Amino acid sequence: MARRKFIAGNWKMHKTVAEALALVRDLKRLLSQVRDCEVVVAPPYTALYPVAKALEDSSIKVAAQEMFYEEKGAFTGAVCGPMLKEAGCTYTLVGHSERRQLFGETLESSGKRVKAAFKAGLIPIFCIGETLAERKANETMKVVAEQLDAGIARLDGESFKKIVIAYEPVWAIGTGVVATPAQAQEVHKMIRERLHARDSKAAEVIPLLYGGSVKADNAKELLGQADIDGALVGGASLDAESFAGIVKARST
Ligand code: PGA
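When the sequence shown is numbered by my numbering, its final residue is 256 and no position is left out of the sequence of numbers.
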């Protein structure tokens, strides 16, 4: 069965509200004809609501970059799922390597976030991937499997089949060093097999995205791999033409 293509742009800590609105205005224009691909943008918190408003008449969806698993309380600086849902988000990233490495997110807390996202009516785009040291030590499959298992452990069958997973080798993020299509496919295949062990029907429809230095000129080959259904794009999503170029480069 053909899985739908899925391209998400992670803006990280970039774009004021005014800049964010200018970017989505251009994206709407450039992508108005795209029907067979789920297109998602993940602005910083401050721009979520205005961007979601600006996209109301478009098929482009909005994701948060992170959410806390508690629903309310004395958690200074944190934002919960229900707030993101109300602000207009359909998705939220969970477990991005920058959250794991710079903000102390753990295997345990990523699983709680995935579960809490579904509870709030959001779809998690769950990010996993090995560091360069782990790859060099031949631990890629073990590390990625461990992260995957921690993320899906708490899910019931209904939620499980809706999750989106992004494989992002940490050494490829923001470095300009992209995984070869074969390297990426090898890990995606392992992820797909692991999802199969849990629920074969669901495993066939869950979108698996690749992330790490995706650009318009390498997207087509990556997305042509059997188990790569889309991309999570950082740097190249900050410019409308380059992000639209990636969406247009997807193989259908
Ligand atoms: P990059 O970031 O495309 O700039 O490598 C990808 C990501 O962090 O999701």
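We put the beta carbon where it would ideally sit given N, CA and C, even for glycine. Quick caveat: nothing in here was measured; it's all calculated off a predicted structure.
What are the residues that DSSP puts in a beta bridge with asparagine 142? Looking at the DSSP assignment, asparagine 142 forms no beta bridge with any residue, so it has no partner.
Is the beta carbon of valine 237 less than 8 Å from the beta carbon of leucine 35? no
Please check the pair valine 44 and alanine 67, which I expect to be a contact at CB under 8 Å, by giving their CB distance rounded to whole angstroms. 5 Å
Hey, methionine 71 and glycine 85: beta-carbon distance below 8 Å or not? yes
State yes or no: is the C-beta of leucine 227 within less than 8 Å of the C-beta of alanine 235? yes
Confirm, please, whether the CB-CB distance from proline 128 to valine 83 is below 8 Å. no
What is the rounded straight-line gap between the Cα of glycine 155 and the Cα of proline 211? 15 Å
If you drop the 5 nearest sequence neighbours on each side, which residues of the same chain put their C-beta closer than 7 Å to that of glycine 249? Ala220
Taking C-alpha atoms, which residue in Val168, Phe107 and Val174 lies nearest to alanine 137? Val174
So is threonine 20 buried or exposed if we call it buried at 16+ other beta carbons inside 10 Å? exposed
Taking 7 Å as the limit between beta carbons, can you name the residues of its chain near leucine 257, skipping five residues before and five after? Absent from the model: residue 257. The displayed extent of the chain is 5 to 256, so no value can be given.
If you drop the 5 nearest sequence neighbours on each side, which residues of the same chain put their C-beta closer than 7 Å to that of tyrosine 53? Ala91 and Gly92
For glycine 238, name the three-state secondary structure that DSSP assigns. coil
What does a CB cutoff of less than 7 Å around aspartate 231 pick up in its chain, not counting 5 residues either side in sequence? Gln189, His192, Lys193, Arg196 and Leu212
Spatial distance of arginine 39 from glutamate 74 (CA atoms): 35 Å
Can you tell me whether leucine 106 is buried or exposed? The criterion is at least 16 other CB atoms within 10 Å of its CB, across all chains shown. exposed
Does the distance between the C-beta of valine 251 and the nearest non-hydrogen atom of ligand 1 fall short of 7 Å? no
Is the CB-CB distance between threonine 96 and alanine 121 below 8 Å? yes
Report the rounded CA-to-CA distance for threonine 110 versus proline 48, giving the unit in angstroms. 22 Å
Name the two residues that bound the continuous beta strand (DSSP E) containing alanine 67. 65–68
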